[in-house]
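Worksheet: the structure to be examined is printed underneath.
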Amino acid sequence: MLAAVQTLREMNADNLRKVPADAPTAFIKPRWKPLVITPEGLDRKFYEICALSELKNALRSGDIWVKGSRQFRDFDDYLLPAEK
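No gaps in the numbering here: position 6 of the sequence shown is 66 in the numbering used here, and each next residue is one more.
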């Protein structure tokens, strides 16, 4: 997931219009595949929407967290520290 976000950042920085052939695709759920994966390659528009949608879902579920964030912090931060 984070590799896909990094790919999007690189594409935007380099003004690339096409998604690189080696872009990560493991995060693409079956419902997205017909839209993202086309005979011509990866559709940039749908790849970007899919990646950001899956990032949002991962943040909400706690699979991914943002250091220093109040809303999207690590779930372990909510737990009481274990006594030693």
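Where a beta carbon is used, it is the ideal one built from N, C-alpha and C, also for glycine.
Everything numeric in this text was worked out from a predicted model, so none of it was measured.
Shortest Cα-Cα distance from A81 to any of E114, T98, R91, P94 involves T98.
Runs of the alpha helix (DSSP H) lying entirely within the region 92-131, each at least 4 residues long, are 93-96, 104-121 in chain order. Restricting attention to D123, R77, T67, the CA atom closest to the CA of D103 is found in R77. By the criterion of a C-beta distance shorter than 6 Å, M71 is surrounded by no residue of its chain, once the five residues flanking it on both sides are discounted. Counting along the chain, E70 sits inside the alpha helix (DSSP H) bounded by residues 62-73.
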